[in-house]
Every structure is written in C-alpha cells, then in structure tokens.
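Numbering (this note's numbering), first residue to last: 7 to 256.
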Amino acid sequence: MVSLYINPSKCVACTHCIPFCPTGAIQIVSEGGRTFARVDEDRCVECWICYRVARCPKDAIEPTPPEKMSFERRLKFFFASATAVWPETGMAGRGTEEMKTNDVTGRFKFGEVGFSLDMGRPTGVGVRVSDIEKVCKAIAPYVTFEIENPVTKLLIDPKTGEVRDPKLRNVYLLSAVVEAKTSKELAPKVLEIIKEVSKELNTVISVGLVSRVKPDGEPEVFEVLRQVGIEPRPNMKVNIGLGKPFIGWE
C-alpha cells in the first residue's frame with residue numbers, strides 16, 4: 007500500500023497538489039459519487055513534495071512515518087530525501103560526499119578514477135532498481151563499489167552487482183547514485199561498458215568522473231577521457247584541500 011495517502015473524505019479535487027508531483031503520480035478519479043485525488047502506488051516515490059510544499063488546503067494528504075512503512079516504501083523515501091539519514095550508513099542523501107571531502111577521507115588516490123553514476127535524473131524520469139542492477143552487474147568485474155553508498159547496501163555481493171532481494175527489482179525510485187572506482191588503466195573499459203549498458207536502460211544516466219590532480223594542474227581523468235574520444239570541458243567540482251585533518255597531496 008502507498009504510504010502517502012490522500013484521504014478521499016477530505017479531498018475536494020481542487021488539483022492544487024498535482025503540479026507539485028515530480029513523477030505524475032497524483033490523479034483525479036471518480037468513485038462512489040465523489041471526485042478526489044489518488045496516489046499511484048507504483049509511480050509515487052515517497053518524496054512528500056505534495057505534502058511539504060503544496061500545502062493541501064483541506065489537509066487531505068496524510069503521509070505514513072518512515073518507521074511504519076514497508077521496506078519497499080521506506081527505500082523510496084530514503085532515496086527521495088536529501089536529509090533523511092540511512093540506518094545502514096548513518097549518512098543522509100542518495101550517496102556519499104564522493105570527492106568533496108577527499109582531502110580528509112583519501113577515498114580517491116593517484117592512479118584511480120572514481121565513477122558517480124547518477125540514474126533517474128533529471129527529476130521526473132526516475133529509475134527502477136532493475137536498471138540499477140543492470141549497471142552494477144555490467145561494471146562489477148572491473149570496479150570496487152563504494153561501501154558507504156546506499157546502492158551498494160542493496161547488493162548481495164558487490165563482486166557480482168546482483169540485488170540481494172529480487173522483489174526490489176521493480177521498485178521505482180526518484181533517483182539513485184552508483185559510486186565506484188577503478189584503476190586509471192581500466193577506466194576506459196568501464197566507460198565503454200557504461201555506454202553499452204545504457205542502451206538497455208529505461209531511464210537516463212549521467213556519468214560523473216573523479217580523479218586526483220597532477221602537479222601541472224590537469225586532472226588525471228582527462229587522459230582517460232581522451233582515450234575514449236571525449237574532449238573534457240573545464241567544468242567540475244574542485245576540492246582545494248582545506249579540510250582538516252588534511253591527508254596531504256601524495
């Protein structure tokens with residue numbers, strides 16, 4: 007059952023909430039002589055935008071607290087929230103800080119290339135866990151998945167990329183981020199695999215790459231991109247090493 011419920015006895019079908027839903031999950035229906043809004047259980051990603059932003063004039067939108075949701079609905083809720091803290095990782099959001107805190111974590115080292123595969127965005131496209139699994143299985147032999155990433159927690163074995171529970175495959179999420187890293191030598195192959203598997207997906211995938219910066223100021227990943235015929239643009243997030251304790255430049 008959908009956790010974000012629109013009470014038909016309160017709803018007056020004003021349609022105020024409909025434009026706020028990023029996945030088009032709210033529909034107007036007529037039953038038993040009444041017309042009211044109803045949430046599509048599959049399309050709803052538990053983002054609660056209709057509840058938090060639309061401000062129903064009749065208070066007809068009634069969300070279920072996460073602790074009372076089924077596991078599938080709770081999964082939707084955490085992947086749709088930038089502030090909810092995952093019990094499995096103790097972190098908020100869809101992924102880790104990636105390279106943003108690398109000056110402290112040292113997550114990415116010289117000679118390594120990180121991948122941040124943003125699936126389901128722009129908002130409204132969404133992604134099913136089955137498509138996430140396709141990507142994970144395709145790249146698993148060549149990468150190491152980030153252990154603190156929520157997607158990794160869904161895998162029965164990061165070495166295979168297979169989802170631990172087949173019932174999760176049809177769960178529709180607002181978006182998700184697959185985080186992994188590999189050697190600079192294997193990175194071109196991983197990029198080619200991502201390009202091929204993307205043809206099988208019923209969603210969109212944005213590929214973000216991470217690397218350390220060489221003494222001459224050029225990111226190591228630029229060399230990788232040129233190997234696969236991609237001319238990099240100078241648009242990026244840069245970690246300038248102000249975090250404490252600083253791990254150093256080695």
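We treat Cβ as the ideally placed atom computed from N, Cα and C, and that holds for glycine.
Rounding to the nearest angstrom, what Cα-Cα distance links lysine 140 and alanine 66 in this structure? Using only the alpha carbons, I get a separation of about 39 Å.
For lysine 243, tell me which candidate among Arg218, Gly99, Ile253 and Gly126 has the shortest Cα-Cα distance. Minimum Cα distance to lysine 243 is reached at Arg218.
Let me check understanding here. Comparing Cα to Cα, which of Thr70, Glu104, Leu10 and Pro164 lies closest to alanine 43? Per the C-alpha coordinates, the member of Thr70, Glu104, Leu10 and Pro164 positioned closest to alanine 43 is Leu10.
Simplified DSSP assignment, three categories, for alanine 19: The answer is coil: DSSP assigns alanine 19 none of H, G, I, E or B.
Between the alpha carbons of proline 251 and glutamate 154, how many angstroms are there, rounded? Approximately 20 Å between the Cα atoms of the pair.
Candidates Thr209, Gly223, Val227 and Gly38: closest to arginine 127 by CA position: For the residues Thr209, Gly223, Val227 and Gly38, the minimum Cα distance to arginine 127 belongs to Thr209.
First through last residue of the beta strand (DSSP E) which encompasses valine 216: Run containing valine 216: 211-216, per the beta strand (DSSP E) assignment.
Are three or more beta carbon pairs between the segment 102-109 and the segment 24-44 nearer than 8 Å? Too few Cβ pairs lie closer than 8 Å, so no.
What are the uninterrupted segments assigned as alpha helix (DSSP H) that are 4 or more residues long and contained completely in the segment 80-118, given in chain order? With a minimum length of 4 residues, the continuous alpha helix (DSSP H) runs that stay inside the segment 80-118 are 108-111.
Would you report the Cα separation of valine 131 and leucine 160, rounded to the nearest angstrom? One C-alpha to the other measures close to 21 Å.
Proximity below 8 Å, CB of glutamate 226 to CB of glutamate 185: Inclusion of glutamate 226 and glutamate 185 in the CB contact set at 8 Å is not warranted, their separation being larger than that value.
Quick check: what's the CA-CA separation for threonine 29 versus alanine 86? Rounded to whole angstroms, the separation of the alpha carbons of alanine 86 and threonine 29 is 12 Å.
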